[in-house]
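Letter by letter, the sequence shown follows residues 1 to 350 in this note's numbering.
So the structure is just underneath, and the comments pick up after that.
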Amino acid sequence: MPDSAVSAHDVSLVLICDDGALGAAVETLLLRIAADVCIRRGSDVQALRVDKQTVAVLAVHGGAVDALQLARQVRAKDERLPLCIAVPDETGMFEAAFLSGADECVRLPLCEVEAMIRLRRWLAVAREQYDEQDELGLLRHSMQQIGQNLRFSDEDMLRSFDRLAHFHDAVTSAHERRVGRYTRLLAQGMGLPEADIAVLERIAPLHDIGKIGIAASLLNKNGKLTPGETMLMRSHAEMGYEILANSVSPLLRSAATVALSHHERFDGEGYPQGLRGEQIAVEARIVGLADVYDALTSERPYKKAWTWEEVRFFIIENKSICFDPALVDVFVREGEQIRALQNELMLADS
């Protein structure tokens, strides 16, 4: 009988495996948490039928190349399809699996307790993710169409995106608006022309628009993220880019660059592209620091708000590491104005 705590009665699992013994072992585990398990060989992936209730479990008993190839084939069926990969417990295999697009990994040979914990947790997130995508899918599609339609003004589009973000998660929406205000102060300190500052202030709140593709419960999770959840959270940068990049509006195309690159680091250790130094657009560098400042000074279900002294020390300590050194100098120089603005914004949101 499936584990009712997982609410798996409406979840269809697809197990893809070319190893009969391994497939049987994994299927035995899956039948304890899902009512419907369909087994397919790797060669059958192209014919795989994917619908709303499908959760694919990819079991690979081979090298990293096999994992990458099969995972990409599954992803091609539906880029949002929750994907778990079972891989050998060998150096580099977990990394290869996550790079291939997996949301979660199970270690081989199977440790039953660990595998069940990982699969239960992953299935719960996957189920909730699809539930929220049902509610928001049509609205997200509408926003993409707005970005491609010349009949709408830039202001119309920005207001629509703001409403969409607020509908999905009010906490993230408030954060986005505050980041826009901090961005203006930092951009002024960097000496950008006023016309550019005005544009940057308007597009900065779209930096996290990709989070509309992530369940609100995961965005505000009270606890440490799993590796799969971390990968999903990080995907918001690329999802935001995909939402904005094809717009006919130059404003939204600029916003796409910021959405994609605001988590890059000055030392090249950020994501998703690993850009370094001035390879990162100055707009993304500015918004990135504003984003970190607001995130650290705001209370979340999973953390307390940092004090001004703690945040100031962190930002200075990460000069030339996470942040543009010139931008850190601006932050230090304009510290009192930034603190005053923070107090104003927190009061307005209270």
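Beta carbons are placed, not taken as given, at the ideal position from N, Cα and C, and that holds for glycine.
Bear in mind the structure is a predicted one, so any value in this text is a computation, not a measurement.
Euclidean distance between Cα positions of residue i and residue j
| i | j | result |
| --- | --- | --- |
| Gly191 | Ser298 | 27 Å |
| Thr183 | Arg177 | 10 Å |
| Arg121 | Cys105 | 12 Å |
| Ser249 | Ala25 | 53 Å |
| Ala76 | Phe331 | 44 Å |
| Glu264 | Trp306 | 22 Å |
| Ala71 | Ala102 | 7 Å |
| Ser116 | Val74 | Residue 116 is actually Met in this sequence, not Ser. Cα-Cα distance, rounded: 22 Å. |
| Gln69 | Glu194 | 49 Å |
| Ala256 | Lys304 | 30 Å |
| Phe313 | Arg276 | 22 Å |
| Glu344 | Gly335 | 14 Å |
| Phe266 | Arg32 | 47 Å |
| Gly210 | Asp324 | 24 Å |
| Arg285 | Val292 | 11 Å |
| Ala124 | Glu229 | 12 Å |
| Arg107 | Leu225 | 18 Å |
| Ile280 | His207 | 14 Å |
| Asp329 | Ile316 | 8 Å |
| Glu112 | Ala86 | 12 Å |
| Leu22 | Pro109 | 9 Å |
| His262 | Leu251 | 16 Å |
Cβ distance (whole Å) where residue i is taken to contact residue j below 8 Å
| i | j | result |
| --- | --- | --- |
| Val179 | Val287 | 7 Å |
| Asn220 | Pro88 | Actually they do not touch by this definition, with Cβ atoms about 35 Å apart. |
| Gln337 | Leu218 | Wrong, their Cβ atoms sit about 34 Å apart, outside the cutoff. |
| Leu341 | Arg181 | 6 Å |
| Arg253 | Leu244 | 7 Å |
| Ala204 | Val258 | 7 Å |
| Ala232 | Leu119 | Ala is not the amino acid found at residue 232; the sequence shown has Leu there. At roughly 16 Å, the Cβ-Cβ gap does not stay under 8 Å, so Leu232 and Leu119 are not in contact. |
| Leu327 | Leu289 | 6 Å |
Paired residues, beta bridge with residue i - DSSP
| i | result |
| --- | --- |
| Pro88 | Leu108 |
| Arg234 | Arg234 pairs with nothing; no bridge assigned. |
| Arg300 | Lys303 |
| Phe323 | Lys319 |
Contact set for residue i: own chain, Cβ-Cβ below 7 Å, skip 5 residues either direction
| i | result |
| --- | --- |
| Arg333 | Gly189 |
| Asn222 | Pro301 and Tyr302 |
| Arg339 | Trp308 |
| Leu138 | With a pLDDT of 48 at Leu138, under the threshold of 50, the modelled position of that residue is not reliable, and the figure given next carries that caveat. Closer than 7 Å at Cβ, skipping near neighbours: no residue. |
| Cys322 | Arg265 and Phe266 |
| Ile197 | Arg184, Ala187 and Gln188 |
| Val311 | Tyr293, Leu296 and Thr297 |
| Lys319 | Pro325 and Val328 |
| Ser4 | Residue confidence for Ser4 is low, a pLDDT of 37 falling below 50, so the modelled location carries little weight and cannot support an answer. |
Close beta carbons around residue i, own chain, < 6 Å, minus the five adjacent residues each side
| i | result |
| --- | --- |
| Pro272 | Ala237 and Glu238 |
| Glu269 | none |
| Tyr241 | Ala256, Ala259 and Leu260 |
| Phe98 | Met231 |
| Met346 | none |
| Gly274 | Gly268 |
| Glu278 | none |
Contact set for residue i: own chain, Cβ-Cβ below 8 Å, skip 5 residues either direction
| i | result |
| --- | --- |
| Gln148 | Because the pLDDT of Gln148 is 47, which lies under 50, any placement of that residue in the model is unreliable, and the question is left without a value. |
| Glu404 | The question about residue 404 has no answer here: the residues shown for the chain are numbered 1 through 350. |
| Pro227 | Phe94, Phe98, Glu104 and Cys105 |
*Does the segment 207-221 come close enough to the segment 232-251 that 3 or more CB-CB pairs lie under 8 Å?*
Contact between the segment 232-251 and the segment 207-221 is present, with at least three C-beta pairs closer than 8 Å.
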